[in-house]
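Numbering (my numbering), first residue to last: 2 to 719.
C-beta atoms are modelled at their ideal positions from N, C-alpha and C, and glycine is treated no differently.
In this text the structure is predicted, and so the values were computed from the model without any measurement.
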């Protein structure tokens with residue numbers, strides 16, 4: 002009882018501490034949009050609101066007149082808010098309560114900004130402004146006076162800078178060592194790097210380009226005029242960046258498919274070190290990229306559906322938030338790339354974003370600069386977001402018991418929050434409660450850390466039960482050899498059995514079927530002799546072949562359902578038995594009929610029955626490998642998965658080889674070249690037959706719809 006009271010008090014105290022530092026959260030505010038997360042299968046699931054808009058701060062509220070095309074926003078370590086008012090060629094500075102501190106429009110001997118686009122403020126309050134129109138970086142002292150001008154990069158080495166390069170800096174950042182990093186317009190080499198004294202040091206973090214095969218082939222075979230019209234294989238420019246306390250660059254880009262990708266998906270967020278290497282952790286359900294799926298109901302005629310990330314801000318514990326300029330959303334990820342929450346929506350109503358261009362955080366408050374609305378939209382955290390931050394803080398401090406309880410409270414608010422299950426699992430893992438940690442990792446679909454917990458749990462079981470398991474193994478092994486010797490001693494009349502085996506027609510159909518199934522084991526290890534006897538001696542029956550096909554179907558259903566959690570990525574709640582059956586039976590029947598149909602035109606010796614039986618017997622390796630591997634997969638960890646996939650591939654490859662050798666080469670008495678040609682033709686014929694089937698279904702639906710409309714029209718007219 003006392004433990005529960007203390008736990009509840011600790012949770013409330015942690016949340017209260019965060020709320021006290023931040024101010025009271027917003028809980029009774031409605032917005033015209035919903036919040037969501039993405040599950041393991043990258044489907045949107047509902048989520049509570051993490052942030053809600055509280056106000057919009059305009060230039061008039063700061064008593065500086067209307068802002069004109071503002072383009073950047075920065076919150077200094079001391080909490081001062083800097084706004085780059087590009088159209089008015091000035092920097093507006095306000096305190097954390099949005100009270101005007103000063104306006105910087107001139108510096109030095111009456112010099113002024115020329116369309117500034119970016120700003121960065123160091124821990125010592127030194128101000129760096131990307132003066133785009135002036136082609137320079139302006140370094141100001143904390144009081145706004147001029148410190149120095151960092152000019153355009155210059156070098157004596159030919160070919161380092163692009164020819165006819167027009168230096169137009171867009172964004173600027175400075176690390177703890179004083180090194181300056183700049184994003185420049187129309188520059189594809191990455192970040193421009195300057196030393197602390199303003200000397201050009203080269204480029205950093207250029208995204209590598211991987212042209213598609215089609216683009217490469219087209220560029221090789223196109224004419225000179227066509228090649229001139231082909232877009233150059235250039236990486237997309239970075240859109241914005243931020244630096245963390247360790248000097249790592251968190252950068253966003255509007256990546257496209259031609260760029261270096263992760264599993265076929267363009268990378269839009271990077272964490273770049275001093276060597277230009279991308280060290281961002283992408284261990285979430287999908288790589289950090291904003292929206293993963295784009296429902297049509299969210300798209301409009303004037304907005305692109307995919308996310309275009311325009312800015313990023315780094316927060317404590319490795320958390321970072323990115324701003325989607327297309328849809329006005331903010332996505333926040335933890336240091337492993339898990340999506341914690343998202344908020345915001347595109348629009349012009351209260352609390353919505355029309356043209357967001359920059360984002361930064363003021364403690365736990367999120368500030369989004371909207372160039373079209375000419376102000377800062379302020380988002381305050383709800384209790385849900387504050388609990389997330391309290392859980393992250395407790396885990397970072399090593400208070401795993403408190404972190405577990407807070408994640409549990411979050412699951413009460415959002416049962417779809419898989420990160421909370423992972424948080425509980427991590428806390429239990431640190432306390433040595435491996436079985437409970439595995440349970441929570443499984444609920445959170447976290448296979449990597451489930452494998453880690455399972456490895457420790459398995460090790461404990463082995464240490465605790467190895468003597469008993471070894472003794473049982475010895476007893477079973479002795480019993481097996483004893484039974485084998487007794488069975489060998491009782492064998493009698495081998496000649497009669499051999500005669501019965503070579504004369505299957507004299508036996509009943511049940512015994513013939515059993516004999517045919519036993520002969521299948523001989524076929525898979527002696528394919529040439531086995532398939533020949535299968536055809537000429539009729540050792541294989543259609544009924545036995547049907548049983549094998551049914552066992553293959555059951556094998557795949559069994560594998561889908563009972564493969565170990567680490568290796569099973571199927572959504573078990575959506576398994577359809579008819580679909581599973583059709584996914585095996587339909588390709589098998591297509592192969593059988595198309596193969597038979599083609600081989601009748603190519604002097605094949607096999608009948609439809611022969612093809613059906615041989616094709617079914619060729620699938621026996623699938624049963625022999627998939628079933629035991631499915632069972633074994635429940636006892637393997639992720640690092641041992643290479644053996645699992647290797648043996649699974651071996652079994653499937655074995656079946657394919659038998660299908661080629663048995664169902665085609667031996668059955669139709671072809672040579673190897675003709676066999677390969679027939680198999681390729683069969684696959685093409687299957688694709689064509691499937692296309693005709695889908696076309697027939699589509700036309701049938703159209704006819705049914707047309708008839709239904711005619712009947713509806715006739716009924717209404719009468």
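For residue j and residue i, the rounded distance between their alpha carbons
i: residue 691; j: residue 284; result: 38 Å
i: residue 653; j: residue 121; result: 58 Å
i: residue 37; j: residue 419; result: 12 Å
i: residue 243; j: residue 551; result: 58 Å
i: residue 446; j: residue 674; result: 48 Å
i: residue 84; j: residue 176; result: 20 Å
i: residue 444; j: residue 95; result: 46 Å
i: residue 594; j: residue 672; result: 21 Å
i: residue 628; j: residue 511; result: 25 Å
i: residue 400; j: residue 149; result: 47 Å
i: residue 91; j: residue 311; result: 21 Å
i: residue 156; j: residue 193; result: 12 Å
i: residue 67; j: residue 115; result: 18 Å
i: residue 241; j: residue 43; result: 26 Å
i: residue 376; j: residue 369; result: 8 Å
i: residue 74; j: residue 196; result: 24 Å
Strand pairing of residue i, partner residues [DSSP]
i: residue 90; result: In the DSSP output, where bridge partners are listed per residue, residue 90 has none listed.
i: residue 76; result: 82
i: residue 367; result: 362, 380
i: residue 39; result: 45
i: residue 239; result: 254
i: residue 183; result: 173, 193
i: residue 486; result: For residue 486, which the question treats as bridged, DSSP gives no partner whatsoever.
i: residue 314; result: 322
i: residue 204; result: 193
Residue i classed as buried or exposed, judged by whether at least 16 other C-beta atoms fall within 10 angstroms
i: residue 141; result: buried
i: residue 21; result: Note on residue 21: pLDDT 39, under 50, position unreliable in the model; no value is reported.
i: residue 289; result: buried
i: residue 50; result: buried
i: residue 384; result: buried
i: residue 255; result: buried
i: residue 774; result: It is not possible to answer for residue 774, since the shown part of the chain is limited to 2 through 719.
i: residue 72; result: buried
i: residue 13; result: Residue placement at residue 13 is flagged as unreliable, the pLDDT there being 46, under the threshold of 50; the coordinate-derived value follows with that caveat. Classification for residue 13: exposed.
i: residue 568; result: buried
Helix, strand or coil at residue i [DSSP, three-state]
i: residue 343; result: strand
i: residue 131; result: strand
i: residue 56; result: strand
i: residue 325; result: strand
i: residue 715; result: helix
i: residue 709; result: helix
i: residue 614; result: helix
i: residue 118; result: strand
i: residue 105; result: strand
i: residue 144; result: coil
i: residue 281; result: coil
i: residue 520; result: helix
i: residue 288; result: coil
i: residue 576; result: coil
i: residue 356; result: coil
i: residue 642; result: helix
i: residue 168; result: coil
i: residue 63; result: coil
i: residue 553; result: helix
i: residue 637; result: coil
i: residue 349; result: coil
i: residue 275; result: coil
i: residue 113; result: strand
Min CB distance residue i to chain C below 9 Å
i: residue 662; result: The structure shown contains no chain C; it is built from a single protein chain.
- Query: Between the stretch 525-536 and the stretch 587-605, do three or more beta carbon pairs fall short of 8 Å?
  - Reply: Touching, no.
- Query: When the Cβ atoms of the stretch 425-435 are set against those of the stretch 399-409, are three or more pairs found closer than 8 Å?
  - Reply: They touch, by the three-pair rule.
- Task: Could you tell me whether the stretch 626-637 touches the stretch 692-710, using the rule of 3 or more Cβ pairs below 8 Å?
- Result: Because the criterion of three Cβ pairs below 8 Å is not met, the stretch 626-637 and the stretch 692-710 do not touch.
- Message: Count Cβ pairs between the stretch 659-674 and the stretch 581-590 that sit closer than 8 Å; are there 3 or more?
- Response: Output reads no: the stretch 581-590 does not touch the stretch 659-674.
- Specify whether the stretch 463-477 and the stretch 428-445 touch according to this definition: at least 3 beta carbon pairs, one from each stretch, less than 8 Å apart. As far as the Cβ criterion goes, the stretch 463-477 does not touch the stretch 428-445, which means the pair count is below three.
- Below 8 Å, can you find three or more Cβ-Cβ pairs linking the stretch 101-118 to the stretch 154-167? Fewer than three Cβ pairs drawn from the stretch 101-118 and the stretch 154-167 lie within less than 8 Å of each other, which leaves the two stretches out of contact.
- May I ask you to verify whether the stretch 341-354 touches the stretch 318-330, counting CB pairs closer than 8 Å and requiring at least 3? Counting Cβ pairs under 8 Å, three or more are found: they touch.
- Indicate whether the contact test is met: 3 or more Cβ pairs, each with one atom in the stretch 589-597 and one in the stretch 512-529, closer than 8 Å. No contact exists between the stretch 589-597 and the stretch 512-529.
- Query: Does the stretch 168-175 touch the stretch 135-153, meaning 3 or more C-beta pairs lie closer than 8 Å?
  - Reply: Touching, yes.
- Are the stretch 555-566 and the stretch 653-662 touching by the rule of at least three beta carbon pairs closer than 8 Å? A contact is defined here as three or more CB-CB pairs under 8 Å, and the stretch 555-566 fails this definition with respect to the stretch 653-662.
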